[in-house]
Amino acid sequence: MTNLFEQALEQFEFTLVMHLGLYLPKDHPDTDLTIINDYIHQLKKKLNTDSLYYSWRKRADKSPSHNYQVILLLDYNQYFGSAICWDKRNQLANHLKEAWQEAVQSHYEGKERSLVLFNDRGNYGLGTRCKSKSSVVKNNVFHRMSRLAEAWEEEHYCFGSSED
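With full-length UniProt numbering, letter number 128 in the sequence shown gets 128, and the count goes up by one each step, no holes.
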């Protein structure tokens with residue numbers, strides 16, 4: 001996870017770090033991982049980016065699991081520039097939600113709904129702005145990512161980049 005985080009910080013002047021909770025329909029546990037893989041593919045297209053760094057975990061303490069925890073690292077300047085614009089923030093949030101819905105719908109025909117929750121603090125913040133020179137923010141984000149990695153005994157996990 002350290003390498004992934006460092007790669008994103010080297011790639012972007014400012015990195016937008018987002019923590020997402022992705023919930024599957026209750027009667028579809030995505031045992032073959034096609035939905036999460038399609039989500040990453042859809043997100044790359046919707047965000048129109050060549051650099052999508054991510055880490056995902058599938059919760060293993062419940063069987064079958066219906067929950068993914070995802071960390072996305074994106075180029076902050078690509079979306080916001082020097083200041084946050086609410087329209088752009090909402091557009092990015094919609095892309096994150098729409099890509100999940102499209103990934104679920106392509107593999108699921110039932111009536112149960114899926115859900116996307118942003119961040120791990122229960123508020124509407126979309127992410128944390130992180131610059132490689134800002135050690136306080138960098139350490140805070142890295143510790144949050146590490147807690148995610150250690151929180152569950154995972155059966156399925158993935159660290160990667162769309163550049164791989």
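Glycine included, each C-beta is placed from N, C-alpha and C at the ideal position.
All values derive from a computational prediction rather than experimental measurement.
Three-state secondary structure assigned by DSSP to residue i
i: Tyr39; result: helix
i: Arg113; result: coil
i: Tyr108; result: coil
i: Met18; result: strand
i: Lys26; result: coil
i: Leu33; result: coil
i: His66; result: coil
i: Asp50; result: coil
When the options are compared against residue i, the one with the closest alpha-carbon
i: Thr49; options: Gln78, Leu9, Asn90; result: Gln78
i: Gln105; options: Asn3, Val17, Asp30; result: Asp30
i: Val116; options: Glu109, Trp100, Gly110; result: Trp100
i: Leu4; options: Gly110, Ser65, Leu52, Leu96; result: Leu52
i: residue 168; options: Ser114, Asp75, Glu98; result: No statement about residue 168 is possible, as the shown extent of the chain runs from 1 to 164 and does not include it.
i: Arg113; options: His95, Gly81, Asn67; result: Asn67
i: Glu13; options: Leu33, Lys97, Leu73; result: Leu73
i: Asp38; options: Phe118, Leu96, Gly110, Lys111; result: Leu96
i: Glu109; options: Lys46, Arg57, Ile35, Leu92; result: Ile35
Beta-bridge partners of residue i, as assigned by DSSP
i: Phe12; result: DSSP, once it has assigned bridges, lists no residue as partnering Phe12.
i: Phe118; result: Leu20
Limits of the unbroken alpha helix (DSSP H) element including residue i
i: Asn77; result: 76 to 79
Three CB pairs or more closer than 8 Å across the region 16 to 29 and the region 99 to 113: Counting Cβ pairs under 8 Å, three or more are found: they touch.
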